[in-house]
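The sequence shown begins at 612 in my numbering and counts up by one. A virtual CB, placed ideally from N, CA and C, is assigned to each residue, including glycine. Accompanying notes for the structure given below.
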Amino acid sequence: MSFASVPHWRRIHDALPQRLRIPEPWPVHEEWRQVGQFDVHIDRWPAKNPRASVILVHGAGGNGRLLAIYGEMCRSLGYDAVAPDLPGYGVTGVPSKSALCYEDWRTVVAAVMEAEARRGLPIIALGLSAGGLLAYEAAARTRLPKGLVVTCFFDPREPQARRGVARFPSLNWFVEPLLTGAPTLIDRLSIPMALVIKMKAIANDAALSNAIGADPRAGGNWMPGRFLRTLLTAEPEVPPESFDVCPVMLAHPADDHWTDVSISRLFFDRLSCVRTELVMLENGGHFPVEYPAHEQLVTAFGRFVEATTATRQPVKDS
């Protein structure tokens, strides 16, 4: 299946600020890669003579196409970008959605990273929302990225983090034990993501958040209880204190109503073996499309990538 056959992503794009809308025809190529049992859909944003390849990682309210503005950002800066749809989201082929678990996401992102590395370009990972920790985990597993940029670190092991993203925090005392303590009952249930996380806060603009929440392949998605259970109980294979793969930039929206920067710093501040940098994106919501947040992200991201890939020569188009 292609995004050409589904309409919702266009409604999301039309809800973006005018300055961020990408003119037709879009310079994106759709690809599919077999990763285990999954037929992974990938949006590729090719640059001319790219100096790096950026892996764009979405979270629990998005898909690869939702990150189009970041694909175009990378392309315009001179970097290739690839944005996979993680299993259960977008148009990636999944044989049994009820069997999905969080490890499937780790496996797919790591596989995409490894495939891109074989092209010979320096690898940069850019994780948005819950994709921040996922990008970190793939970087730790593969040891391939030269740099990691995230807009958020959501560590589900932290009670403060779980309360911060929950739609009904006062019910966590009941919902969390049910999800994690009764797998035979919960695992095969199909659960709307908007029921358990505050999807309305994915963007500060109501029209944009409503468009994302109405997309059944993004914020309006239903996922199996097994996925939620394994997400809540997942532990990073490499703790932040031991992460030594690459420099890390946390480019955090300053007006994030979903994940406050204090939640992200519970994880970020424990990164002690690598160079780190914190950039606050002024006026930015969780999906930081506001001015000047997006422009600040573009500037900070370009500077960071150039610094981490300074000794690399661009690869010419074949």
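In the three-state scheme derived from DSSP, where H, G and I count as helix and E and B as strand, Ser613 is classed as coil.
The C-alpha of Ala911 lies about 22 Å from the C-alpha of Trp869. With a beta-carbon spacing of about 6 Å, Pro756 and Ile735 fall inside the 8 Å limit used to define contacts. In the structure shown, Leu737 adopts extended strand secondary structure according to DSSP, grouped into three states.
One Cα belongs to Pro706, the other to Asp650, and the distance between them is close to 9 Å. DSSP lists Glu641, Ala694 as the beta-bridge partner residues of Asp654.
The C-beta separation of Leu678 from Ala694 comes to about 5 Å, placing the pair in contact by the 8 Å criterion.
Bridge pairing for Val665: Ala692, Ile735 [DSSP].
Using a Cβ distance threshold of 8 Å, Val760 and Ala862 count as a contacting pair. In chain order, Ala829 place their CB closer than 6 Å to the CB of Gly673, counting only its own chain and leaving out the 5 sequence neighbours on each side. Burial state of His640 is exposed, judged by a 10 Å Cβ sphere holding fewer than 16 other Cβ atoms. Taking the CA atoms as reference points, His905 sits about 43 Å from Leu796. Annotation: Ser853 is outside any alpha helix (DSSP H) and is labelled neither H nor E by DSSP.
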